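First up is the structure itself, then whatever we jot down about it.
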Amino acid sequence: MSVIADSLGDNIPDAQKDKVETPADLSSASSDILPEWPMEKEMVESASDAAHAGETETESETETVIDGPTAITNGYHTYASDDTYADRSSEATARHEDPDYPPLTGAGARARDYESSAWTRAGIRFAPLHVPLVRRLQTLAVLFHCTAVVFFPALFFLVCAMPLMWPLLIPYLIHLSVSTAATDGKLKYRSEMLRSLPMWTLFGSYFPVALHKTHDLPADGKYILGYHPHGIISHGAWAAFATNALDFAGKFPGVTNTLVTLDSNFRIPFYRDWILAMGLRSVSKESIWNTLTRGGPDGQGAGRAVTIVVGGARESLEAEPRALRLILEARKGFIKMAIRTGADLVPVLAFGENSLYDQLSPKTHPMVHKFQMMCLRVFKFTLPALHGRGVLNYDIGLMPYRRPVNIVVGRPVKVERSSAPEQGEIERMHALYVAELKKLWEAYKDEFATDRKGELEIIG
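Count the sequence shown with numbering that gives the first Met the number 0 and you get residues 0 to 459, in order.
If you want it as structure tokens, here you go:
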């Protein structure tokens, strides 16, 4: 189940400057991404540079030719085949010369090779026994986050097994059923202490994750940040916008950002209280409206921002390393909300988010994809057929790979407020937003997506 927000488009029917060096110069690694520890400064495992093995096509697939390149269709969408790569001509790979987006060379999170010291048994690469403590702590931080949605409900049921706790549990459950904390826009349960725990710096340095600022966000404005892509679990979004590990507040002073997630997460005992304290709120229309129209210096939402993982659960099924396929064309609810609240639209592109896990490709496993789509329609969440690494090995498990994620916050698209926006205005702002997102991709793809096997695609 995806923990981070499903798309607002589904909920509104209407429609980091220190640098992180390469292994040759670890002494100057950025403390923003990788804190100094007594034992070492290095610590971030390699993103494998080996090409992913090609996948065998099933009988249900067909090949077709679309303007030249070979393509594959699974009955839902048409995809570029695995032997189709991005254009590497000098003209195509030149930096996007655009004064709106400054160079970020040397500022990004980079992959490092630690798998070479692994020992192998039965074809599985295991982590060496003498791993520095900081790496173990990083893994523990990520493990906690990945299992929190199971840990907190389990803790709740454990407490339920204690009769002495029942007098406290009954009022708690009543409070849970009537509380509007996830939608009232007041942010009263948000804890900056929890968001600033050292655990989250460890979490961010596990991959590592870096947050890049390209433009100021004035503190007297309000903003809707669209995070792309969803990935499997949106770990980058959590590190950047649900914690203070990447110093969002320092990069954008005066702006209080709120990451929004599925409303159903706020019905899970104990887990609900955890994510409220971490500053998350519901992705519902009511929640976003209240967040962007209340609070702030003027009491009307100035200095407020929400981050929406626009592609939602549907987009998680398209997550594939070295590829970027977005579900965006039909996602226009967040555009309408931006117009209604007068919030500027800010595209955010997370290079590397899709590489944190592998999953069965919808191109080569159409029956699995069909089952996942059925789950999405019925239950409103998906069951990605994913795999990653383990706690003590590099090949088997549900932990994300140690692969870098570079999150680039783009230029705000100015929005004029209207209480009743017309469809034409929604379409126009959507086109401007998509154009700015593509511009962001073109500006930094040769810096943060050098191993890509294709270009940005909007498939739905």
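Even for Gly, the Cβ is constructed at its ideal location relative to N, Cα and C.
On a predicted model such as this, the values are computed, not experimentally measured, just so you know.
Just how far apart, CA to CA, sit residue i and residue j?
i, j, result
"L279", "R194", "11 Å"
"L168", "A304", "34 Å"
"L157", "W165", "12 Å"
"L163", "E191", "32 Å"
"L291", "E454", "34 Å"
"R401", "T146", "17 Å"
"D445", "I231", "24 Å"
"E441", "A434", "11 Å"
"A70", "N289", "Unreliable placement is indicated for A70, whose pLDDT of 49 sits below 50; no coordinate value is reported for it."
"R376", "L316", "13 Å"
"R124", "L172", "46 Å"
"A108", "P102", "15 Å"
"A430", "G459", "14 Å"
"L439", "D215", "15 Å"
"I274", "G389", "25 Å"
"H368", "K362", "9 Å"
"S360", "M366", "11 Å"
"K452", "H129", "36 Å"
"G122", "L154", "37 Å"
"T182", "P131", "43 Å"
"H51", "Y393", "Any reading at H51 needs caution, since the residue's pLDDT is 39, under 50, leaving its predicted position unreliable; the model's value is listed next. So the two alpha carbons sit approximately 15 Å from each other."
Along the alpha helix (DSSP H) that carries residue i, what are the first and last residues, could you check?
i, result
"G203", "P197 to Y205"
"D183", "Note, D183: premise wrong, no alpha helix (DSSP H); not H, not E."
"T449", "That residue, T449, is in no alpha helix (DSSP H); it is neither H nor E in DSSP."
"V158", "L132 to C159"
"F240", "Premise fails: F240 is in no alpha helix (DSSP H) and is neither H nor E."
"V177", "W165 to V177"
"N289", "K284 to T292"
"K335", "G332 to T340"
"L316", "Segment: none, L316 is in no alpha helix (DSSP H) and carries neither H nor E."
"I274", "Y270 to A276"
"R194", "E191 to R194"
Look at the Cβ atom of residue i, then the Cβ atom of residue j, and state whether they are nearer than 8 Å.
i, j, result
"V408", "K212", "yes"
"P207", "N353", "no"
"L299", "Y205", "With the sequence shown as reference, residue 299 is identified as Gln, and Leu is not the correct amino acid for it. For Q299 and Y205, no; Cβs fall outside 8 Å."
"A312", "Q358", "no"
"F447", "N405", "yes"
"I307", "V254", "no"
"L344", "M398", "no"
"L224", "V347", "yes"
"D450", "R321", "yes"
"G310", "R416", "no"
"D262", "S233", "no"
"P170", "P268", "no"
"F350", "Y443", "yes"
"R293", "L175", "no"
"A140", "P127", "no"
"R189", "A301", "no"
Out of the options, which one is the CA nearest neighbour of residue i?
i, options, result
"S281", "P101, A110, A180 and L325", "A180"
"D391", "R135, G295 and Y100", "Strictly speaking, residue 391 in this sequence is Leu, with Asp absent from that position. Checking every option, the nearest Cα to that of L391 belongs to R135."
"R324", "V367, I457, A110 and G302", "I457"
"A337", "E426, L385, I274 and D450", "E426"
"G295", "P217, A276 and A241", "P217"
"R460", "R410, I395 and K452", "Since the first residue shown for the chain is 0 and the last is 459, residue 460 is missing from the structure and cannot be characterised."
"R339", "Y270, E285 and P365", "E285"
"I110", "A209, A301, R124 and P102", "The residue you asked about is not Ile; residue 110 is Ala in the sequence shown. Looking at the Cα atoms, A209 is the closest of the given residues."
"A384", "Y393, H364, F265 and R376", "H364"
"I287", "K335, A276 and E314", "K335"
"I326", "S178, L154, L275 and L436", "L436"
"L142", "K413, A241, P411 and G387", "G387"
"Y100", "C159, R410 and S178", "R410"
"N264", "M161, V149, K362 and N256", "V149"
"V412", "E424, Y432, P403 and Y393", "Y432"
"V133", "G203, L382 and F380", "G203"
"H144", "T381, A241, N256 and R266", "A241"
Which residue comes first and which comes last in the beta strand (DSSP E) that contains residue i?
i, result
"I232", "Unbroken run through I232: none, as it is neither H nor E."
"N405", "V404 to V408"
"L344", "D343 to F350"
"F265", "Note, F265: premise wrong, no beta strand (DSSP E); not H, not E."
"L382", "Unbroken run through L382: none, as it is neither H nor E."
"F247", "Note, F247: premise wrong, no beta strand (DSSP E); alpha helix (DSSP H) at F247 to K250."
"R109", "Unbroken run through R109: none, as it is neither H nor E."
"L210", "V208 to K212"
Any heavy atom of the ligand MN closer than 7 Å to the beta-carbon of residue i?
i, result
"I231", "This structure lacks the ligand MN, and indeed carries no ligand of any kind."
Pair every Cβ in the segment 242-256 with every Cβ in the segment 367-379, then say whether three or more of these pairs are closer than 8 Å. no
With three or more beta-carbon pairs closer than 8 Å as the criterion, would you say the segment 331-340 touches the segment 235-246? no
The segment 220-238 contacting the segment 194-208, beta-carbon criterion three pairs below 8 Å: yes
Using 8 Å as the threshold, is the segment 406-423 in touch with the segment 353-368, meaning 3 or more CB pairs across them? no
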